[in-house]
Ligand code: 5RP
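In our numbering, the protein residues as written are 1402 to 1637.
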């Protein structure tokens, strides 16, 4: 384990290291995005270097692609790989049914495409992401820039029609400009506090023209590995 890790980084690292233990020779892997996924890429690079592990990864963002290349993890596109054995990715929240909120790092679209094209998805996270109910973390929704304010109004109307109590919707910014995703879209963050029916919300959000995808991952994740600051991991 790297020396001098903060408690949260230690938790992320041990979760990532445990997940990388599931990787076998010849696997095609989805490589997630975020600080926990970055630990996974580092642990994977170590196994490639030390054990001669042969794998190829499909990164879910330009950030992850750059890190993988820097560390000598072979990468390819999803179109080349076609189908993946395993995706390992982080999450912003995980509920008891292994439903997730993702997209805190604005990579939810590629992350969902890659995870859905995988036989198995393992989520790695620090203990704080383990929640009884999703929704304290703002739900990211990727929208196309054209007419985004109209899309935002439609999302707000939808939330009212669903009797969602709190429905503050904000455009994610990068300084004084809208944040632009790898797919050249914008992100709306839905501040909902709690999501009563994540399955329903995930489906209806995607019916709105202008919405590309939302950060609710329902029935996609198979295993969650939570890391703890004392170095323990819990697998669910
Ligand atoms: C990026 C994501 C990340 O996996 C999620 O935000 C968790 O990030 P971190 O591991 O840095 O807490 O969904 O879009």
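For glycine and all other residues, C-beta sits at the position ideal for the given N, C-alpha and C.
What you are looking at is a predicted structure, and each value in this text was computed from that prediction instead of being measured.
TODO: Assign residue 1533 to one of two classes, buried (16 or more other C-beta atoms within 10 Å of its C-beta) or exposed (fewer than that).
DONE: Burial call: exposed.
Task: Alpha-carbon to alpha-carbon, residue 1575 and residue 1402 - done: Going from the Cα of residue 1402 to the Cα of residue 1575 covers about 33 Å.
- [ ] Consult DSSP for residue 1486 and reduce its assignment to one of helix, strand or coil.
- [x] Assignment of residue 1486 by DSSP, reduced to helix, strand and coil, places it in the strand class.
Task: Member of 1432, 1447 and 1593 whose CA lies at the smallest distance from the CA of residue 1567 - done: Nearest Cα to residue 1567 within the set 1432, 1447 and 1593: 1593.
TODO: Under 6 Å Cβ to Cβ from residue 1626, same chain only, skipping five residues before and after it: list those, please.
DONE: Excluding positions up to five away in sequence, the list reads 1416, 1419, 1420, 1525, 1634 and 1636.
Open item on the list: With a threshold of 8 Å on Cβ separation, who are the neighbours of residue 1408 within its own chain once the five nearest residues in sequence on each side are excluded?
Closed with: So the qualifying residues of the chain are 1630.
Open item on the list: Any heavy atom of the ligand 5RP closer than 7 Å to the beta-carbon of residue 1467?
Closed with: Answer for residue 1467: no, Cβ out of range of the ligand 5RP.
- [ ] Verify whether the separation of the beta carbon atoms of residue 1612 and residue 1544 is less than 8 Å.
- [x] The answer is yes: Cβ separation under 8 Å.
Task: C-alpha gap between residue 1577 and residue 1427, whole angstroms - done: Spanning the two alpha carbons is a distance of roughly 45 Å.
Open item on the list: Tell me which residue opens and which closes the beta strand (DSSP E) that residue 1429 is part of.
Closed with: From DSSP, the beta strand (DSSP E) with residue 1429 extends over 1429-1432.
Open item on the list: Within 10 Å of its beta-carbon, does residue 1618 have 16 or more other beta-carbons around it, so buried, or fewer, so exposed?
Closed with: Result: buried.
- [ ] Examine the ligand 5RP and report whether any of its heavy atoms sits within less than 7 Å of the Cβ of residue 1630.
- [x] False, no ligand heavy atom lies under 7 Å from that Cβ.
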